[in-house]
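**Q**
Right, here's the structure in full:
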């Protein structure tokens, strides 16, 4: 009995120490991250006069808009890799689209041992974390339950904050795919219209044709369809916010809305032009959490990268930024302890797309964009079977092959140079390459050096052949298996769990016999620190290293 009393005392002490923070658990905000897919700033609140987005426009009035937010890639899986980890995809091996589509060998990315998805860090600190049905961060597949089980409390088609414990703060991540590229394909777009999900709110004659497209009826119709999908997404956001209000959570929840990369349209998606990287972001702060100098309806024009989102969200929850994260908590926050300098540059990458090899690196400041093509003299446009299902893309091919495109429109289809430089103030659509102009050589060198400086600090795994990476991550195409964790009593008599694969995350359950002799087992918790044991308690633990298979269970009864 004395032993168990001492254990209870130790438990109380451990719990007391773990709760000593400058921001008490019950005061921490709920956080919703809503991510629309494949969409640039086609939102009224960001100045688009064609867009029909009443919900987002109204949200913006009580929020801060970030018009200079940039993803690290122009395509979903690499971009989501950096979003979820705060580390550039080229550093963790998630740069190719996708790892699973590599023909030479089967593999997934295996990040460095210390790299964790930021929702796992939130979960370890006491948050209830959940996600809708899409994962897609290169050390998982796209569907639920294909990635590390320690990241989310819940993942699936019906995500909700309602599964949490009383007064437990939550982090929820929603993916709205109605704006995805695939929704522009005939089969899906027809289905959406028949169901009433998407209607012809925006007509083709209203849209503005970018300089890199010829003006044809089919292209106008494709752009209009994209706008109409955006309106449908806007409606979905409204329903989600209404649920939040219905449950009385609006005053305690920070809402972040953004997109996973630029437009689903050709020469946007997959590219490192602004049309592929520049995304809108809105952050709504409830009054009690709004930073002191933040004004509703304001615009923060600083440069932000997707690697800045993870540390910024962690700061909202009063969690320090781990050393491995390459971004900074640059979103103003009353919980941030240090004033962080604003960015001078953002950086992005483009690598293999399906079966087509690419390697491009981009750096951008407020005035210029520089693109380094490591595989020059090949077209930017390729016959990607997936993208070619789009009627708009089919029409672009016809226009190009018929010779009906001007120089700016044909540039993406022709062999591209080794370097590109754009004046993004005077040429926001990036159609006039200045790299060979004498008067821009000084600026070209500045941007070259900025790219080299960044590359010297991030380990660009594309310096190595993909087959070499694949064999390192998954030798001979076989997914490594995480070793079973060890469960033991530490020197204080508390239960400790140790991973036996470097960098593995551990999840565990406790189980006790009830009066009827039936085991009552808890939900899975992420192991954080030793905890107290009760006599007869069963501990069930398993571990996972990101990119590896989950271990078998270790079970001990005390």
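Numbering (mature numbering (1 follows the signal peptide of the UniProt record, and there is no 0)), first residue to last: -24 to -1, 1 to 534.
Ideal Cβ placement from N, Cα and C applies to all residues, glycine included.
Predicted model only: the values in this text are computed from it and were never measured.
Would you identify the three-state DSSP class for residue 406, choosing helix, strand or coil?
**A** In the chain shown, the residue the question calls residue 406 occupies position 430. Residue 406: coil per DSSP, three-state reduction.
**Q** With a cut-off of 8 Å, does the C-beta of residue 3 fall near any C-beta of chain D?
**A** Among the chains of the structure shown, chain D does not appear; only one protein chain is present.
**Q** Thinking residue 330 and residue 360 are a contact (beta carbons under 8 Å), I'd like their distance in whole angstroms, please.
**A** For the purposes of this step, residue 330 is taken as residue 354 along the chain shown, with counting starting at 1. For the purposes of this step, residue 360 is taken as residue 384 along the chain shown, with counting starting at 1. That belief holds up - the Cβ atoms of residue 330 and residue 360 are roughly 6 Å apart, short of 8 Å.
**Q** In this structure, does DSSP put residue 355 in helix, strand or coil?
**A** Here residue 355 is taken as the residue at index 379 of the chain shown, counted from 1. Residue 355 falls in the strand class under three-state DSSP.
**Q** Looking only at its chain, what residues have a beta carbon closer than 8 Å to the beta carbon of residue 162, apart from the 5 residues adjacent to it on each side?
**A** Translated into positions along the chain shown, residue 162 becomes position 186. For residue 162, where only same-chain residues beyond five positions count, the Cβ hits under 8 Å are 365 and 367.
**Q** For residue 519, count neighbouring C-beta atoms within 10 Å of its own C-beta (all shown protein chains included) and say buried if the count is 16 or more, exposed if not.
**A** Here residue 519 refers to the residue found at position 543 when the chain shown is read from its first residue. When all chains shown are included, residue 519 counts as buried.
**Q** Am I right that residue 415 and residue 236 are in contact with their C-beta atoms under 8 Å? What's the rounded C-beta distance?
**A** The residue you call residue 415 lines up with position 439 of the chain shown. The residue you call residue 236 lines up with position 260 of the chain shown. That pair is no contact at about 37 Å.
**Q** Select from 5, 100 and 295 the residue whose C-alpha is nearest the C-alpha of residue 482.
**A** Translated into the one-based positions of the chain shown, residue 482 becomes position 506. If we check each option's Cα against that of residue 482, 100 comes out closest.
**Q** Would you call the CB atoms of residue 262 and residue 310 closer than 8 Å?
**A** Start at 1 with the first residue of the chain shown, and residue 262 comes out as number 286. Start at 1 with the first residue of the chain shown, and residue 310 comes out as number 334. It is not a contact, given that the beta carbons lie outside the stated cut-off.
**Q** State yes or no: is the C-beta of residue 498 within less than 8 Å of the C-beta of residue 485?
**A** Here residue 498 refers to the residue found at position 522 when the chain shown is read from its first residue. Here residue 485 refers to the residue found at position 509 when the chain shown is read from its first residue. Yes, they are a contact pair.
**Q** Buried or exposed: residue 528, going by 16 or more other Cβ atoms within 10 Å of its Cβ?
**A** In the chain shown, residue 528 corresponds to position 552, counting from 1. Residue 528 should be labelled exposed.
**Q** Only counting the same chain, and skipping five residues up and downstream in sequence, which positions put a Cβ closer than 7 Å to that of residue 79?
**A** Position 103 of the chain shown, counting from 1, holds the residue named residue 79. Here residue 79 has 331 as same chain residues with Cβ atoms under 7 Å from its own Cβ, once five neighbours each way along the sequence are excluded.
**Q** Check for me: the alpha helix (DSSP H) holding residue 147 runs from which residue to which?
**A** What you label residue 147 is simply residue 171 of the chain shown in a count that begins at 1. Taken as a continuous stretch (DSSP letters only), residue 147 belongs to no alpha helix (DSSP H), being part of the beta strand (DSSP E) at 146 to 152.
**Q** For a test of the three-state rule: what should DSSP assign to residue 94, helix, strand or coil?
**A** The residue you call residue 94 lines up with position 118 of the chain shown. Of the three classes helix, strand and coil, the one that applies to residue 94 here is helix, per DSSP.
**Q** Using 10 angstroms around the beta-carbon of residue 213, count the other beta-carbons present and answer buried if the total reaches 16, otherwise exposed.
**A** Numbered from its first residue, the chain shown carries residue 213 at position 237. Residue 213 should be labelled buried.
**Q** Just the C-alpha distance for residue 490 and residue 532, rounded to the nearest angstrom, thanks.
**A** For the purposes of this step, residue 490 is identified with residue 514 of the chain shown, where counting begins at 1. For the purposes of this step, residue 532 is identified with residue 556 of the chain shown, where counting begins at 1. Within the model, the alpha-carbon separation for residue 490 versus residue 532 is close to 18 Å.
**Q** Give me the DSSP bridge partner(s) of residue 68.
**A** What you label residue 68 is simply residue 92 of the chain shown in a count that begins at 1. Residue pairing by DSSP places residue 68 in no beta bridge whatsoever.
**Q** Taking the beta carbon of residue -4 as the centre, do at least 16 other beta carbons fall within 10 Å, making it buried, or is it exposed?
**A** For this step, residue -4 is matched to residue 21 along the chain shown. Below a pLDDT of 50, predicted positions are generally treated as unreliable, and residue -4, at 38, falls in that range; no measurement from the model is reported.
**Q** Starting from the Cα of residue 232, find the closest Cα among 455, 38, 459 and 515 and give me that residue.
**A** Numbered from 1 along the chain shown, position 256 holds the residue referred to as residue 232. Selected option, being the one with the closest Cα: 38.
**Q** Would you list the one or two residues that DSSP bridges to residue 483?
**A** For the purposes of this step, residue 483 is taken as residue 507 along the chain shown, with counting starting at 1. Its beta-bridge partners are 502 and 518.
**Q** What residue range does the alpha helix (DSSP H) around residue 373 cover?
**A** Within the chain shown, the letter at position 397 stands for residue 373. Its alpha helix (DSSP H) spans residues 367 to 377.
**Q** Thinking just about the alpha-carbon of each residue, which of 66, 94 and 98 is nearest to the one in residue 85?
**A** Along the chain shown, one-based indexing puts residue 85 at 109. Checking every option, the nearest Cα to that of residue 85 belongs to 66.
**Q** Can you tell which of 35, 71, 42 and 41 has the C-alpha that lies nearest to the C-alpha of residue 52?
**A** Here residue 52 refers to the residue found at position 76 of the chain shown. Nearest option by C-alpha distance: 71.
**Q** May I ask you to report which of helix, strand or coil DSSP gives residue 381?
**A** For the purposes of this step, residue 381 is identified with residue 405 of the chain shown, where counting begins at 1. Here residue 381 sits in coil by DSSP.
**Q** Can you find a heavy atom of the ligand ATP that lies under 7 Å from the Cβ of residue 268?
**A** Of the ligands one can find in the structure shown there are none, so the ligand ATP has no counterpart to examine.
**Q** What three-state label does DSSP hand residue 268 in the structure shown?
**A** Taking the first residue of the chain shown as position 1, residue 268 is located at position 292. Per DSSP, reduced to three states, the secondary structure at residue 268 is coil, with no helix or strand assignment.
**Q** Are at least three pairs of beta-carbons, each pair with one atom in the region 126 to 137 and one in the region 167 to 187, less than 8 Å apart?
**A** no
**Q** Taking the Cβ atom as the reference point for each residue, do residue 238 and residue 16 lie within a distance shorter than 8 Å?
**A** Mapped onto the chain shown, residue 238 falls at position 262. Mapped onto the chain shown, residue 16 falls at position 40. Taking 8 Å as the Cβ cut-off, residue 238 and residue 16 qualify as a contacting pair.
**Q** Could you name the residues of the same chain whose beta carbon sits closer than 6 Å to that of residue 318, not counting the 5 residues immediately before and after it, in chain order?
**A** As a working note, residue 318 is residue 342 in the chain shown. Counting only Cβ-Cβ distances below 6 Å, and skipping sequence neighbours, we find 278.
**Q** Pair every Cβ in the region 401 to 419 with every Cβ in the region 433 to 445, then say whether three or more of these pairs are closer than 8 Å.
**A** no
**Q** Roughly how many angstroms lie between the CA atoms of residue 32 and residue 19, to the nearest whole one?
**A** As a first step, residue 32 must be located in the chain shown, where it is residue number 56. As a first step, residue 19 must be located in the chain shown, where it is residue number 43. The straight-line gap from Cα to Cα measures roughly 7 Å.
**Q** What residue range does the alpha helix (DSSP H) around residue 424 cover?
**A** Here the question's residue 424 lines up with position 448 in the chain shown. Here the alpha helix (DSSP H) through residue 424 covers 417 to 431.
**Q** Considering Cα atoms alone, identify which of 293, 219, 192 and 396 is closest to residue 373.
**A** The residue labelled residue 373 in the question sits at position 397 within the chain shown. Nearest of 293, 219, 192 and 396 to residue 373, Cα basis: 192.
**Q** Do you know how far the Cα of residue 325 is from the Cα of residue 376?
**A** Taking the chain shown and counting its residues from 1, the one referred to as residue 376 is at position 400. Taking the chain shown and counting its residues from 1, the one referred to as residue 325 is at position 349. Looking at the two C-alpha atoms, the distance is approximately 26 Å.
**Q** Output needed for residue 265: all residues of its chain with C-beta closer than 7 Å, excluding positions within five of it in sequence on either side, in chain order.
**A** As a working mapping, residue 265 is identified with position 289 in the chain shown. Here the set comprises 5 and 230.
**Q** Can you tell me where the beta strand (DSSP E) holding residue 105 begins and where it ends?
**A** For this step, residue 105 is matched to residue 129 along the chain shown. First-last of the beta strand (DSSP E) with residue 105: 104 to 107.
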